[in-house]
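The sequence shown runs 1 to 248 under our numbering. Note that the Cβ used here is the ideal one computed from N, Cα and C, for glycine as well. In this text the structure is predicted, and so the values were computed from the model without any measurement.
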Amino acid sequence: VSVASKVTAAAGRVKFENTTVALDNNPGMGALDFSFGEALPVISGTLAFDTLDLRSFLSAFTPLAPTGEAGPGEIDTSFADKINLDLRVSAAHATAGPVQLADVAATAQVKNGLAVFDISDASAFGGNIQSSLRFDRKLEGTQVEIRLLASDVDGGAFATAAGMTRLVPVGTATVSVILKGPGKSWNSIFENADGSVSATVGPGALTGLNLPAFLKRTDQGGFFALDDVADGTLPIDGAEIKASISKG
Numbered sequence: 001v002s003v004a005s006k007v008t009a010a011a012g013r014v015k016f017e018n019t020t021v022a023l024d025n026n027p028g029m030g031a032l033d034f035s036f037g038e039a040l041p042v043i044s045g046t047l048a049f050d051t052l053d054l055r056s057f058l059s060a061f062t063p064l065a066p067t068g069e070a071g072p073g074e075i076d077t078s079f080a081d082k083i084n085l086d087l088r089v090s091a092a093h094a095t096a097g098p099v100q101l102a103d104v105a106a107t108a109q110v111k112n113g114l115a116v117f118d119i120s121d122a123s124a125f126g127g128n129i130q131s132s133l134r135f136d137r138k139l140e141g142t143q144v145e146i147r148l149l150a151s152d153v154d155g156g157a158f159a160t161a162a163g164m165t166r167l168v169p170v171g172t173a174t175v176s177v178i179l180k181g182p183g184k185s186w187n188s189i190f191e192n193a194d195g196s197v198s199a200t201v202g203p204g205a206l207t208g209l210n211l212p213a214f215l216k217r218t219d220q221g222g223f224f225a226l227d228d229v230a231d232g233t234l235p236i237d238g239a240e241i242k243a244s245i246s247k248g
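Next up, the structure:
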């Protein structure tokens with residue numbers, strides 16, 4: 001992170017005006033305010049970017065995002081007891097891993113042991129994306145909540161980005177994901193989370209399903225691999241899917 005700014009200071013407060021911030025060579029503009037009158041230092045402000053890597057942003061201001069290529073690791077949320085943070089962020093273009101986003105409005109907030117990163121509005125997959133990542137430090141351990149709402153998106157593009165290879169929907173879809181669980185590490189979140197997944201898909205098709213072959217194998221009885229009946233596409237008028245997730 002690099003910062004260039006006009007700085008003004010008074011008792012217990014420092015203002016950074018006309019601030020230029022660079023995160024991994026992604027320049028941003030805005031204003032930041034540091035105050036030290038409360039029990040914990042408070043950092044607040046607004047930043048606007050043309051392009052932004054959301055992982056870099058999280059790593060810079062709230063050390064929650066996994067870094068490097070070594071895979072998910074331990075999550076250190078102790079910083080949430082050391083500062084209060086309230087940042088408003090906008091970006092014309094942004095990335096979240098392989099996902100491309102546009103017109104992003106987001107907030108990063110830390111207060112009283114609670115850390116929250118919200119994307120209140122963003123465009124992706126031809127529709128709208130809203131998401132929330134919440135870490136709550138409690139005596140029994142850090143609890144994590146992840147929420148995602150993808151509205152009127154390209155079902156095929158969304159499913160592919162989510163890693164689906166079978167029964168990929170072709171059509172407009174709305175998807176909701178809610179996960180809650182302990183947050184010792186990024187692995188533990190997905191291995192132990194409880195929650196739900198729901199999706200509605202409009203008129204279109206499901207790729208990777210040969211229905212006549214599926215029905216034939218079902219009539220024959222016994223188990224069979226879905227790969228054996230994956231060489232087809234099933235036209236649909238619509239579909240609704242609901243699933244519960246327990247312990248990952």
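Inter-residue Cα distance where the pair is residue i and residue j
i	j	result
L148	S196	11 Å
A80	S35	16 Å
R55	T95	8 Å
A174	A105	Checking the displayed sequence, the identity of residue 174 turns out to be Thr instead of Ala. Between T174 and A105, the C-alpha separation is close to 20 Å.
V110	G45	13 Å
A92	A213	47 Å
L234	P169	10 Å
L139	G113	11 Å
G126	G30	29 Å
I245	D194	5 Å
R166	L209	8 Å
A70	A162	Caution applies to A70, whose pLDDT of 41 falls short of 50 and renders its modelled position unreliable; the model cannot decide the point.
A230	G156	16 Å
N192	A199	22 Å
F190	A150	19 Å
G238	L40	52 Å
K305	G181	The requested residue 305 does not occur in the structure, where the chain is confined to residues 1 to 248.
V89	G97	18 Å
D33	A102	27 Å
S185	V144	10 Å
N6	F158	The sequence as given places Lys at residue 6; Asn does not occur at that position. Their Cα atoms are separated by approximately 43 Å.
P37	L85	Here residue 37 is Gly; the residue named in the question, Pro, does not match the sequence. Rounded to the nearest angstrom, the two C-alpha atoms are 14 Å apart.
L23	S176	30 Å
A225	I146	32 Å
S78	V201	41 Å
A243	D219	26 Å
Assigned exposure category for residue i - 16 Cβ within 10 Å defines buried
i	result
L179	buried
F223	exposed
I241	exposed
V3	exposed
G12	exposed
T19	buried
G183	buried
E17	exposed
T142	buried
D154	buried
L211	exposed
A10	exposed
P72	In this prediction, P72 scores a pLDDT of 48, lower than 50, which makes its location untrustworthy; no coordinate-derived value is stated.
A115	buried
G221	exposed
Expected contact under 8 Å - CB spacing of residue i and residue j to nearest Å
i	j	result
G232	G204	Contact doesn't hold; Cβ gap of about 15 Å is too wide.
A124	V99	6 Å
Q130	D136	Not quite, the Cβ-Cβ distance comes to about 20 Å (not below 8 Å), so this is no contact.
For residue i: DSSP bridge partner residues
i	result
D50	According to DSSP, D50 bridges with nothing at all.
G181	V144
N187	Looking at the DSSP assignment, N187 forms no beta bridge with any residue, so it has no partner.
Q100	T95
Q130	L149
D118	T107 and S132
L87	G45 and A108
Beta-carbon spacing of residue i, residue j below 8 Å
i	j	result
L47	V21	yes
I83	I43	yes
I236	L206	yes
L52	F117	no
T107	L87	yes
D152	N187	no
F49	N25	no
D227	R217	no
Test: residue i CB closer than 8 Å to a CB of chain C
i	result
A108	Protein chain content of the structure displayed is limited to a single chain, and chain C is not contained in it.
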